[in-house]
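Notes for the one structure printed next.
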Amino acid sequence: MLAIKGGEPVRKKEWPQWPVFDEREIKILEEVVKSRSWGGGLSDSGPWEAKFEEAFAKRHGCRYGITVTSGTTALFVSLLAAGIGPGDEVIAPALTFWATGSAVLMTGATLVIVDVDPDTYCMDVNEVERNITEKTKAIIPVYNYGTSPDMDALVKLAEEHNLVLIEDCARAHGFEWRGKPVGSLGDMGCFSFQEGKFMTAGEGGIIITNNELYAERCFSIKNCGRIRRGRDISEIGIDYWWNWFNFRMTQFQAAILLVQLERLDEQLKIRQENSEYLSKRLQEIDGITPIKVRKELTKHQPWPYAFKYDPKSFKGVPLHRFIEALRAEGIPASGLDHPPLNMTLTARYPSRIKRTKYPVAERAMRETVTLPQWVFLGTKEDMDDIVEAILKIQKHADEL
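Residues in the sequence shown are numbered from 27 upward in steps of one, following the numbering used here.
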């Protein structure tokens, strides 16, 4: 009998807890408290902030790192540093958290939303190319569901049309494309450290780049218009002087993130191995199709893990009922983690958004099941529990 009908659930054990911490976070926070250097740096980055910027940027193949308050502000500041504003168009995918789109709207630019690839749920390059106009100034590819768009094609497209490529890496810490860290493939890469991300300080973000001018502009924009000690405003560009915001990260956050970075590669390896194992097992179940991870993505981890569900293989049980049954079996499943951008932002900003058609993104709402990233810090036996729960529901679908 299914657990939702009173039977014994497949899974009774707890899943790995998140965030992960130990004495190292506590010790380094004590150091920050005793230092009395708590806030964000002014003319230069603060002591822990500077160490983290350098370490994170280096791990992701870049020379410069600029910490900010969130992944949203990382995108916003990057767009401003690239000179994006009213009259410009920026292309983003339909399936992404709405911050990707709202960051564009915050600059005054027009958001162009394109559909996603049916296998990866990431930006469809053909749709991007179809929507490039003389007003297009930037593309924001998003790494989502542990996979990515075709970054080779997007880099080429950006170069051919002289477009700024800003990678939304909020869910891609440690990812590598053909062995090259993501965030370093385009002009700037933007990461989030919100509580559910692969590295977290509760909140926070960082911009990484190999472009010194963009780095200095980002520092100035996020730092109330200040420039680094020893710099001259003429080096940055007078047009950016009006962009005065306080988006500084505290030394407490930076210190925690320094420790979190020490765990990144070990945790990535565990998540990647478990997600690949789960995908292999799920492919054997009729009606279940894991979202495809592109072969060029040599390092990856799921945020969240996603698979497509076909009710025809489960005696017509609708998606929401399947998810309820899965949760009753002890599996922390959900539906699509957010509606498509064309459904969340268009009603409020109809004149600032260019729309096309989104059959793939809208179908995803009706067929997607997701699992949180911390599940994949477990074992292969934990993955087997997920498979067993799905097979149990399939076998007893007539109970639903």
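Where a beta carbon is used, it is the ideal one built from N, C-alpha and C, also for glycine. Keep in mind it's a predicted model, so treat the numbers as computed, not measured.
Backbone secondary structure at residue i - three-state DSSP
{"i": "Trp-267", "result": "With a pLDDT of 49 at Trp-267, under the threshold of 50, the modelled position of this residue cannot be trusted; read the value that follows with caution. Coil, per DSSP."}
{"i": "Ile-314", "result": "strand"}
{"i": "Ala-179", "result": "helix"}
{"i": "Gln-43", "result": "coil"}
{"i": "Val-138", "result": "strand"}
{"i": "Thr-126", "result": "helix"}
{"i": "Ala-332", "result": "strand"}
{"i": "Pro-207", "result": "strand"}
{"i": "Val-319", "result": "coil"}
{"i": "Gly-32", "result": "coil"}
{"i": "Asn-249", "result": "strand"}
{"i": "Asp-145", "result": "coil"}
{"i": "Gln-166", "result": "Before going on, a small fix: residue 166 reads as Ile here, not Gln. DSSP places Ile-166 in coil when its eight states are reduced to three."}
{"i": "Ala-195", "result": "Just to set this straight, residue 195 is Cys in the shown sequence, not Ala. Coil."}
{"i": "Val-94", "result": "strand"}
{"i": "Pro-358", "result": "coil"}
{"i": "Ile-158", "result": "coil"}
{"i": "Ala-118", "result": "strand"}
{"i": "Thr-190", "result": "Going by the sequence as given, residue 190 is Val instead of Thr. In this structure, Val-190 counts as strand in the three-state DSSP scheme."}
{"i": "Cys-216", "result": "strand"}
Pick from the options that is closest to residue i, judged by C-alpha positions
{"i": "Ser-69", "options": "Ala-135, Ile-253, Leu-417 and Lys-77", "result": "Ile-253"}
{"i": "Glu-153", "options": "Thr-159, Asp-141 and Glu-160", "result": "Asp-141"}
{"i": "Lys-161", "options": "Thr-136, Asp-143, Asn-170 and Ala-281", "result": "Thr-136"}
{"i": "Cys-216", "options": "Arg-62, Gly-91 and Lys-421", "result": "Gly-91"}
{"i": "Ser-218", "options": "Gly-113, Arg-62 and Trp-329", "result": "Trp-329"}
{"i": "His-364", "options": "Ile-349, Met-391 and Glu-221", "result": "Met-391"}
{"i": "Leu-106", "options": "Arg-289, Glu-350 and Glu-242", "result": "Glu-242"}
{"i": "Asp-48", "options": "Asn-249, Gln-286 and Ser-339", "result": "Gln-286"}
{"i": "Ala-115", "options": "Pro-316, Ser-377, Lys-383 and Glu-393", "result": "Going by the sequence as given, residue 115 is Glu instead of Ala. Of Pro-316, Ser-377, Lys-383 and Glu-393, the residue nearest in Cα terms is Ser-377."}
{"i": "Glu-288", "options": "His-199, Pro-316 and Lys-334", "result": "His-199"}
{"i": "His-187", "options": "Met-214, Ile-110 and Glu-155", "result": "Glu-155"}
{"i": "Gln-420", "options": "Phe-348, Ile-379 and Phe-201", "result": "Phe-348"}
{"i": "Pro-398", "options": "Tyr-375, Leu-362, Arg-374 and Tyr-384", "result": "Leu-362"}
{"i": "Arg-204", "options": "Ala-227, Val-59, Met-177 and Asp-194", "result": "Met-177"}
Proximity below 9 Å, CB of residue i to CB of residue j
{"i": "Leu-426", "j": "Val-395", "result": "no"}
{"i": "Ile-232", "j": "Ala-359", "result": "no"}
{"i": "Phe-271", "j": "Ile-247", "result": "yes"}
{"i": "Ala-108", "j": "Tyr-240", "result": "yes"}
{"i": "Val-319", "j": "Gly-172", "result": "yes"}
{"i": "Ala-196", "j": "Gly-97", "result": "yes"}
{"i": "Trp-64", "j": "Thr-276", "result": "yes"}
{"i": "Ile-311", "j": "Ile-416", "result": "yes"}
{"i": "Val-130", "j": "Asn-157", "result": "no"}
{"i": "Ala-164", "j": "Val-181", "result": "no"}
{"i": "Val-401", "j": "Leu-308", "result": "no"}
{"i": "Val-133", "j": "Pro-167", "result": "Reading off the sequence shown, one finds Thr at residue 133, where the question assumed Val. No. Outside cutoff."}
{"i": "Val-208", "j": "Ala-179", "result": "no"}
{"i": "Ala-332", "j": "Tyr-169", "result": "no"}
{"i": "Lys-435", "j": "Ile-317", "result": "Any question about residue 435 goes unanswered here, given that the chain covers just 27 to 426."}
Sequence-distant residues of its chain with Cβ nearer than 7 Å to residue i (five each side left out)
{"i": "Lys-31", "result": "Glu-425"}
{"i": "Arg-381", "result": "Ile-139, Asn-368 and Thr-372"}
{"i": "Gly-66", "result": "Gly-72, Glu-75, Arg-274, Met-275 and Thr-276"}
{"i": "Phe-245", "result": "Ile-92 and Arg-254"}
{"i": "Ala-83", "result": "Arg-89, Tyr-90, Gly-91 and Ile-234"}
{"i": "Tyr-303", "result": "Lys-406 and Met-409"}
{"i": "Glu-350", "result": "Ile-30"}
{"i": "Pro-144", "result": "Val-386"}
Same chain, Cβ closer than 8 Å to residue i, neighbours up to 5 away in sequence not counted
{"i": "Leu-439", "result": "There is simply no residue 439 to check, as the chain begins at 27 and stops at 426 in what is shown."}
{"i": "Gln-293", "result": "Val-46, Phe-224, Gln-327 and Leu-403"}
{"i": "Ser-210", "result": "His-86, Gly-87, Cys-88, Ile-234 and Asn-236"}
{"i": "Lys-418", "result": "Leu-28, Val-36 and Glu-355"}
{"i": "Gly-33", "result": "Met-27"}
{"i": "Thr-159", "result": "Glu-115"}
{"i": "Gln-43", "result": "Trp-400"}
{"i": "Glu-229", "result": "Thr-95, Ser-96, Phe-219, Gln-220, Glu-221 and Gln-279"}
{"i": "Ile-262", "result": "Leu-239, Glu-242, Arg-243, Ser-246 and Ile-253"}
{"i": "Lys-38", "result": "Gly-356"}
{"i": "Trp-124", "result": "His-364, Leu-367, Thr-370 and Leu-371"}
Residues of its chain near residue i, where Cβ-Cβ distance is below 6 Å and the 5 sequence neighbours each way are ignored
{"i": "Lys-295", "result": "none"}
{"i": "Ile-387", "result": "Reading the sequence as shown, one finds Ala at residue 387 and not Ile. Hits under 6 Å: Ala-120, Leu-121, Asp-141, Val-142 and Pro-366."}
{"i": "Asp-336", "result": "Gly-313"}
{"i": "Val-343", "result": "Pro-337, Ala-423 and Leu-426"}
{"i": "Gly-127", "result": "Ala-118, Leu-137, Leu-367 and Leu-371"}
Near the ligand COA: residue i beta-carbon under 8 Å from a heavy atom
{"i": "Gln-309", "result": "Among the components of this structure there are no ligands whatsoever, and the ligand COA is therefore not found."}
Is it true that the stretch 321-330 meets the stretch 172-184, where meeting means three or more beta-carbon pairs spaced less than 8 Å apart? Contact between the stretch 321-330 and the stretch 172-184 is present: 3 or more CB-CB pairs across the two stretches fall below 8 Å.
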